[in-house]
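To start, the structure under review is shown below, and the notes come after it.
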Amino acid sequence: MRFLLLATGAIVVYLQYQLWLGEDGWLALRARQAEAAEQLEIIANLREVNRDLEVEVLDLKNGTEAIEERARSELGMIREGETFYIIVD
């Protein structure tokens, strides 16, 4: 009888350890949930960036405003009759 009680106690201790501290236990579950939430936030940010890039691509394909804006900011383009000013702080 005593052996049965000790065996049952050992099994309960082992199962509790696995439940709370084991590889697939509660602490591991909480860590995975936090990691999943982090990944979902990263995915949401990347989706927003993708939407912005899609809008920019469509504007570059269909309109001239985006092309002109890029040429002005990156290449220093000015139109005929415009005066270019540089303001130094």
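In this note's numbering, the protein residues as written are 172 to 260. For every residue, glycine included, the Cβ atom is placed at its ideal position computed from N, Cα and C. All figures in this text were calculated on a predicted structure; none of them were measured in a lab.
I need the DSSP call for residue 180, collapsed to helix, strand or coil.
helix
For the putative contact between residue 196 and residue 189, defined by C-beta atoms under 8 Å, what is the C-beta separation to the nearest angstrom?
6 Å
I need the DSSP call for residue 174, collapsed to helix, strand or coil.
helix
Element boundaries [alpha helix (DSSP H), containing residue 227]
197 to 233
Is residue 250 helix, strand or coil by DSSP?
coil
C-alpha distance - residue 223 paired with residue 234, whole-angstrom precision
16 Å
DSSP on residue 257, reduced to helix/strand/coil?
coil
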